[in-house]
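A.B. asks:
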Amino acid sequence: MRYLLLLAGLVLSAFASEDPDVKVWSRIISDIRLEEYRIYVRDPQLRRLVDRIGWIRRVDRCSEATLAIESREYPLTGAECASVAKLANDYRLFLRDKGAVGAFFWLKSRPTILFSAPRLRRFGLEVDEEMRQYMEDLP
Amino acid sequence: MKGKFHLDSVLKAGVVILTLLTGALCYLNIQVDKTLSSTREEMVESVLKRYEMGLAAARGMLLSEAGGPLRERLEADAALRERLRRLLSYFTTEEVEHLFLITKDGKGHLRFLLDAERDPSQRALFMQRFEPLSPVWEEVFQSAESRMIRHTKDDRLWVTIALPIVENGRVAAVLGEDLSALIHSDIQGRFSKIRKIALGIILVMAALLLFGYFQIYVYFRGRKKSFIDPLTGAYNRQFFYEVLARLDYTRFKIIIFDIDHFKKVNDTYGHDVGDRVLSMVKSRVAEQLRETDYLVRIGGEEFLIFLRARDDEEVKSIAERIRQAVASEPFVVSDKALTITISLGINTDLNKVANIDEAIQAADEYLYCAKRNGRNRVCFNGSVVSGP
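Chains as they are written, first to last, in the numbering used here: chain F, 3 to 141; chain C, 40 to 427.
What follows is the structure, given as structure tokens:
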């Protein structure tokens with residue numbers, strides 16, 4: 003039974019590594035320099051996706067998180083998440099929510115990554131050199 | 040050998056024809072594949088050309104409707120943007136996934152000027168970043184020439200056409216059109232159907248060829264059997280008339296022989312022993328013949344040999360060799376040692392006879408000459424030439 007579970011785990015992780023969304027989210031999150039990666043996600047679909055990123059610890063309360071991910075369906079506009087930097091999965095949400103430091107979404111069947119330089123500064127965050135090409139001056 | 044050649048040649052001809060047909064079928068298959076492949080490519084090119092022309096028409100519309108420098112006008116006038124977006128959306132069809140206009144900002148980032156998307160929630164906003172993975176867009180801005188991008192890893196997109204809009208000698212914007220993978224799958228589907236039909240026809244033809252091979256095999260197996268005497272394994276009378284009689288028999292010599300006192304063997308020891316003797320005599324005689332000679336059982340205990348020889352002496356020598364081979368050692372059948380002899384008649388002059396039957400008749404007379412002179416002898420031209 004243990005071997006079966008191990009095998010199932012390996013197969014699942016193999017599938018997980020093939021999902022481009024998982025890869026990109028993992029990369030974006032890892033490229034934001036944080037001391038600890040405690041992620042809060044309310045959107046069940048995004049939660050499942052985040053759970054497939056092995057190295058991330060998902061927390062159940064936004065106040066405990068160092069980073070939150072919000073979606074168009076589940077925006078994190080409450081007071082609990084006000085002091086937490088967020089990533090959005092939608093461009094309009096990224097524009098609207100001043101707490102969103104970055105976004106990843108698909109536009110015209112193409113993956114799009116964006117970061118807001120002023121918002122990152124406000125949260126005292128930095129991103130890796132590679133991500134600087136996606137930087138926007140979005141207040 | 041000529042008879043064997045006759046048989047084999049028909050068989051070979053059949054096999055060669057079927058092999059050629061099989062080769063032709065393979066060639067046909069390859070040609071069908073090539074033709075379909077090239078036709079498909081031509082169709083793809085023509086479809087792409089059509090969409091490129093449509094895109095060029097959209098470009099013409101944008102330039103004429105803008106009534107001035109396109110990018111500057113769009114940046115300045117939101118109402119114009121909305122009007123042009125609507126007009127651009129008329130150029131979209133079910134096969135066009137996305138149709139948009141992009142430009143390059145001061146930092147070199149690509150940004151949307153217009154997006155013909157009808158669903159507002161999916162529509163790119165004015166000056167929203169466009170982040171294609173392909174470097175082709177940059178090439179279009181550099182070269183001012185249109186480009187096509189084939190998407191190989193995308194399930195939804197097939198080809199993107201990028202068309203530059205040149206104003207004052209520089210590329211002000213690029214019109215981009217993403218064509219749906221449905222177009223390609225539709226083309227593939229149509230050709231796949233044609234391919235399947237062609238393959239079906241080829242398979243039917245292949246099945247017919249296989250049937251042909253099988254028929255030839257069955258025919259010749261049956262035909263060969265019908266020419267063989269089942270008791271002795273020698274050729275039979277049917278072979279003699281259907282094959283040997285049709286040959287140019289004048290080039291052959293004939294030896295005819297029968298087993299001396301064979302009736303007595305049958306009467307004394309029974310037909311089973313008689314049959315064994317017949318079979319053994321045939322074997323001993325066949326051992327003295329060449330591959331090119333024919334041994335035919337034409338009657339109960341009467342055999343005929345068709346052979347090619349340089350001269351009469353050679354035939355006499357072969358006949359004597361055969362006589363000795365039979366007479367030299369007794370035949371052991373069911374613990375009985377039987378002394379068996381044969382009498383032989385030779386006819387070497389087949390030019391003088393009107394037909395094969397006359398040739399046999401002449402040889403038969405020499406056979407009776409051998410019998411008359413005490414059996415176990417070889418008779419040629421009415422006189423005994425060898426014996427014990």
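We put the beta carbon where it would ideally sit given N, CA and C, even for glycine.
Between asparagine 412(C) and the rest of its own chain, which residues show a CB-CB distance below 8 Å, the 5 nearest in sequence each way excluded?
C.D. replies: Excluding sequence neighbours, asparagine 412(C) sits near Cys418, Val423, Gly426.
A.B. asks: At the level of alpha carbons, what is the spacing between glutamate 75(F) and phenylalanine 107(F)?
C.D. replies: Roughly 14 Å separates the two Cα atoms.
A.B. asks: Helix, strand or coil for arginine 123(F), going by three-state DSSP, please let me know.
C.D. replies: In the structure shown, arginine 123(F) sits in a helix (DSSP, three-state: H, G or I).
A.B. asks: Contact between the stretch 82 to 100 of chain C and the stretch 210 to 217 of chain C: three or more CB pairs below 8 Å?
C.D. replies: Result yes; three or more Cβ-Cβ pairs closer than 8 Å.
A.B. asks: Ends of the alpha helix (DSSP H) at isoleucine 233(C)?
C.D. replies: Here the alpha helix (DSSP H) through isoleucine 233(C) covers 220 to 265.
A.B. asks: Ends of the alpha helix (DSSP H) at serine 425(C)?
C.D. replies: Per DSSP, serine 425(C) belongs to no alpha helix (DSSP H); it is in the beta strand (DSSP E), 422 to 425.
A.B. asks: Tell me the DSSP secondary structure of lysine 143(C) in three-state form.
C.D. replies: Three-state result, lysine 143(C): strand.
A.B. asks: With a threshold of 9 Å between beta carbons, is leucine 109(F) in contact with chain C?
C.D. replies: So yes, leucine 109(F) belongs to the interface.
A.B. asks: Quick check on threonine 79(F): does DSSP put it in helix, strand or coil?
C.D. replies: Residue state, collapsed to three classes: coil.
A.B. asks: Among all the DSSP beta bridges, which residues are the ones paired with histidine 148(C)?
C.D. replies: Looking at the DSSP assignment, histidine 148(C) forms no beta bridge with any residue, so it has no partner.
A.B. asks: Quick check on this structure: which residue in Glu133(C), Pro171(C), Thr132(C), Glu136(C) has the alpha carbon closest to the alpha carbon of phenylalanine 151(C)?
C.D. replies: The residue with the shortest Cα to Cα distance from phenylalanine 151(C) is Pro171(C).
A.B. asks: Starting from alanine 163(C), find everything on chain F with Cβ-Cβ shorter than 9 Å and list it in chain order.
C.D. replies: Here the neighbours are Tyr93, Leu109, Lys110.
A.B. asks: What residues from chain F crowd round glutamine 167(C), counting only those whose CB sits closer than 8 Å?
C.D. replies: The answer, in chain order, is Tyr93, Leu109.
A.B. asks: DSSP three-state call for proline 203(C): helix, strand or coil?
C.D. replies: Looking at proline 203(C) - three-state DSSP - the assignment turns out to be strand.
A.B. asks: Starting from the Cα of leucine 395(C), find the closest Cα among Arg285(C), Gln167(C), Arg323(C), Glu341(C) and give me that residue.
C.D. replies: For clarity, residue 395(C) is isoleucine in the given sequence; the question names leucine instead. Checking every option, the nearest Cα to that of isoleucine 395(C) belongs to Arg285(C).
A.B. asks: Is alanine 201(C) near the ligand FAD - that is, is its Cβ less than 8 Å away from at least one heavy atom of it?
C.D. replies: This structure does not include the ligand FAD; it has no bound ligands of any sort.
A.B. asks: Contact between the stretch 122 to 129 of chain C and the stretch 191 to 198 of chain C: three or more CB pairs below 8 Å?
C.D. replies: The stretch 122 to 129 of chain C is not in contact with the stretch 191 to 198 of chain C.
A.B. asks: In chain C, which residues lie with their C-beta within 8 Å of the C-beta of isoleucine 55(F)?
C.D. replies: Neighbours of isoleucine 55(F) on chain C: none; closest Cβ ~22 Å, over 8 Å.
A.B. asks: Quick one: complete beta strand (DSSP E) runs, 3+ long, within the stretch 347 to 421 of chain C?
C.D. replies: Runs of the beta strand (DSSP E) inside the stretch 347 to 421 of chain C: 370 to 372, 375 to 377, 381 to 386, 417 to 419.
A.B. asks: Closer than 6 Å by C-beta to alanine 10(F): which residues in its own chain qualify, once you throw out the five before and the five after it? Chain order, please.
C.D. replies: Reliability fails at alanine 10(F), whose pLDDT of 47 lies under 50, so the model's placement of it is uncertain and no value is given.
A.B. asks: I'd like to know whether the C-beta atoms of alanine 211(C) and valine 175(C) end up nearer to each other than 9 Å.
C.D. replies: Taking 9 Å as the Cβ cut-off, alanine 211(C) and valine 175(C) do not qualify as a contacting pair.
A.B. asks: Secondary structure at tyrosine 129(C), three-state DSSP: helix, strand or coil?
C.D. replies: Reduced to three states, the DSSP call for tyrosine 129(C) is coil.
A.B. asks: Counting only beta-carbon atoms, is aspartate 158(C) nearer than 9 Å to chain F?
C.D. replies: No, aspartate 158(C) lies away from the interface with chain F (no Cβ there is under 9 Å from its Cβ).
A.B. asks: In its own chain, which residues sit with a C-beta less than 8 Å from the C-beta of lysine 100(F), not counting the 5 before and 5 after it?
C.D. replies: Closer than 8 Å at Cβ, skipping near neighbours: Arg121, Pro141.
A.B. asks: Who pairs with aspartate 217(C) in a beta bridge, going by DSSP?
C.D. replies: Its beta-bridge partners are His137(C), Thr199(C).
A.B. asks: Under a Cβ-count criterion, where at least 16 other Cβ atoms within 10 Å of its own Cβ denotes burial, should threonine 271(C) be classed as buried or exposed?
C.D. replies: Answer is buried; the Cβ neighbour count reaches 16.
A.B. asks: Starting from glycine 313(C), trace the alpha helix (DSSP H) both ways and give me its first and last residue.
C.D. replies: Taken as a continuous stretch (DSSP letters only), the alpha helix (DSSP H) holding glycine 313(C) covers 310 to 326.
A.B. asks: Does the Cβ-Cβ distance between lysine 375(C) and valine 312(C) come in under 9 Å?
C.D. replies: In contact: lysine 375(C) and valine 312(C) (Cβ atoms closer than 9 Å).
A.B. asks: Going along chain C in order, which residues have a C-beta closer than 7 Å to the C-beta of leucine 116(F)?
C.D. replies: Those are Arg168, listed as they occur along chain C.
A.B. asks: Along the beta strand (DSSP E) that carries lysine 292(C), what are the first and last residues, could you check?
C.D. replies: Start and end: 292 to 298.
A.B. asks: Give me, in chain order, the residues of the same chain whose beta-carbon lies closer than 8 Å to that of arginine 234(C); leave out the 5 immediate sequence neighbours on both sides.
C.D. replies: Answer for arginine 234(C): Val71, Asp72, Leu75, listed in chain order.
A.B. asks: Give me whichever residues DSSP pairs with proline 113(F) in a beta bridge.
C.D. replies: Looking at the DSSP assignment, proline 113(F) forms a beta bridge with Trp108(F).
A.B. asks: From leucine 7(F) to glycine 104(F), what does the alpha carbon distance come to, in whole angstroms?
C.D. replies: Note that leucine 7(F) scores 45 on pLDDT, short of 50, meaning its location in the model is unreliable and no value can be drawn from it.
A.B. asks: For a quick check, are the C-beta atoms of tyrosine 407(C) and asparagine 420(C) less than 9 Å apart?
C.D. replies: Not closer than 9 Å, so no.
A.B. asks: Can you check whether the C-beta of leucine 89(F) is within less than 9 Å of a C-beta belonging to chain C?
C.D. replies: Not an interface residue.
A.B. asks: According to a CB-to-CB cut-off of less than 9 Å, which residues of the stretch 201 to 218 of chain C neighbour chain F?
C.D. replies: Result list: Gly215, Asp217.
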